[in-house]
Amino acid sequence: MSGAAPLGKDLIEEVYRKLSNAKYIVQSYGLTESGMSSHYPILDREHYAAAGRLLSNFSQKIVDIDTGKELPIGQKGEVYLQTPSNMMGYFNNPKATAETLTPDNWLKTGDIGYLDEDGWLYVVDRLKEMIKVKGFQVAPAELEDLLLSNPDVQDCAVIGIPDEKSGEVPKAYVVKKDPNLTKLQVEEFVK
């Protein structure tokens, strides 16, 4: 079982390859502010990249981070939760409480995700880690997953760096499996 950060599809598949006796690798999801676990993982290889399905008596929605409007199935936005165990607020910190809880008690998780047509939640990144390129939100974890799907890349990390024209641009730090891998080859792979 994995938690704290989303596992990319390629990483999960690599774990299955390396740990041939592993029957299931599942991700869990929840926050202290929502009373810990809000989703339950299912032992199912079809949905292994999902964080799980919502527990009974809990509500969820995906919200556009710019407009605050609820998004349809399949579109990425901030995950909002409403649970019987949502926190009432942060102790002696009304500013943080107001930034995290909506007036109608939805918890803004700070996670970027989407729902599929069966209600499975897929978490792709943290809102704080998003890179804003020309007004568009880019998830570093998705770029990292793409880079890690290159057989010549051993590991990588993507961050946002300031850019005069675009606001921010992604910058990747790559650990090569193949010492002959060039920067140009990595850039072409990402395109």
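Going by full-length UniProt numbering, the sequence shown opens with residue 1, and the numbers climb by one from there.
Think of the CB as a built atom: it goes at the ideal place given N, C-alpha and C, for glycine as much as any other residue.
Inset, instruction - Could you name the residues that DSSP lists as bridge partners for G160? - result: Indexing the sequence shown from 1 puts residue 160 at position 160. The partner list for G160 (beta bridge, DSSP) reads P170.
Inset, instruction - Alpha carbon to alpha carbon, how far is Y122 from L11? Give it in angstroms, no decimals. - result: Here residue 11 refers to the residue found at position 11 when the sequence shown is read from its first residue. Here residue 122 refers to the residue found at position 122 when the sequence shown is read from its first residue. Spanning the two alpha carbons is a distance of roughly 15 Å.
Inset, instruction - Quick one: using the 10 Å Cβ neighbour count with 16 as the cut-off for buried, is N86 buried or exposed? - result: In the sequence shown, residue 86 corresponds to position 86, counting from 1. Buried, because 16 or more other Cβ atoms sit within 10 Å of the Cβ of N86.
Legend entry - Run of the beta strand (DSSP E) containing T109, from where it starts to where it stops: On the sequence shown, residue 109 is found 109 positions in, with the first residue counted as 1. Note, T109: beta strand (DSSP E), L107 to L115.
Legend entry - C-beta atoms of I62 and R53 nearer than 8 Å: Position 62 of the sequence shown holds residue 62. Position 53 of the sequence shown holds residue 53. Cβ distance not < 8 Å, so I62 and R53 don't count as in contact.
Inset, instruction - State yes or no: is the C-beta of Y90 within less than 8 Å of the C-beta of T97? - result: By one-based count along the sequence shown, residue 90 stands at place 90. By one-based count along the sequence shown, residue 97 stands at place 97. In contact: Y90 and T97 (Cβ atoms closer than 8 Å).
Legend entry - Whole-angstrom distance between Y40 and V175, CA atom to CA atom: Counting from one through the sequence shown, the residue named residue 175 turns up at place 175. Counting from one through the sequence shown, the residue named residue 40 turns up at place 40. Each residue's Cα considered, the two are about 34 Å apart.
Legend entry - Segments assigned alpha helix (DSSP H), at least 4 residues, entirely inside the UniProt domain "AMP-dependent synthetase/ligase" (1-91): 9-18
Inset, instruction - Just list the alpha helix (DSSP H) runs in the region 119-154, keeping only unbroken ones of 4 residues or longer that don't cross its boundaries, in chain order. - result: 140-148
Inset, instruction - Measure how close the beta-carbons of D111 and V79 come, nearest whole angstrom, since I'm counting them as under 8 Å. - result: For the purposes of this step, residue 111 is taken as the residue at position 111 of the sequence shown. For the purposes of this step, residue 79 is taken as the residue at position 79 of the sequence shown. The pair is a contact, with the Cβ atoms about 5 Å apart (cut-off 8 Å).
Inset, instruction - Output the boundary residues of the alpha helix (DSSP H) element that contains L184. - result: Mapped onto the sequence shown, residue 184 falls at position 184. Per DSSP, L184 belongs to the alpha helix (DSSP H) from K183 to V190.
Inset, instruction - Within 10 angstroms of the Cβ of M130, are there 16 or more other Cβ atoms? Answer buried if so, exposed if not. - result: Working through the sequence shown from its first residue, we reach residue 130 at position 130. Classification for M130: buried.
Legend entry - Those residues which DSSP pairs with K176 across a bridge: Translated into the one-based positions of the sequence shown, residue 176 becomes position 176. Looking at the DSSP assignment, K176 forms a beta bridge with V153.
Legend entry - Nearest neighbour of N105, chosen from Q60, I73 and F136 [CA to CA]: Counting from 1 along the sequence shown, the entry for residue 105 is found at position 105. Looking at the Cα atoms, Q60 is the closest of the given residues.
Legend entry - Sequence-distant residues of its chain with Cβ nearer than 7 Å to L71 (five each side left out): Residue mapping note: residue 71 aligns to position 71 of the sequence shown, counting from 1. I62, V63, D64 and G77, listed in sequence order.
Legend entry - From A139, E99 and K132, residue whose alpha carbon lies closest to that of Y114: Residue mapping note: residue 114 aligns to position 114 of the sequence shown, counting from 1. Nearest of A139, E99 and K132 to Y114, Cα basis: A139.
Legend entry - Opening and closing residue of the alpha helix (DSSP H) in which K95 lies: Here residue 95 corresponds to residue number 95 of the sequence shown, with the count starting at 1. From DSSP, the alpha helix (DSSP H) with K95 extends over P94 to T100.
Legend entry - Nearest to G74 (by Cα), restricted to the options P170, P94, A141 and W120: Start at 1 with the first residue of the sequence shown, and residue 74 comes out as number 74. When each option's Cα is compared against that of G74, the closest is W120.
Legend entry - Test item: CB-CB of residue 218 and L81 under 8 Å: Absent from the structure is residue 218, since the part of the chain shown begins at 1 and ends at 191.
Legend entry - Reference N57; option with closest CA among S38, A50, E187 and V133: Against the sequence shown, residue 57 aligns to sequence position 57. Considering only alpha carbons, the answer is S38.
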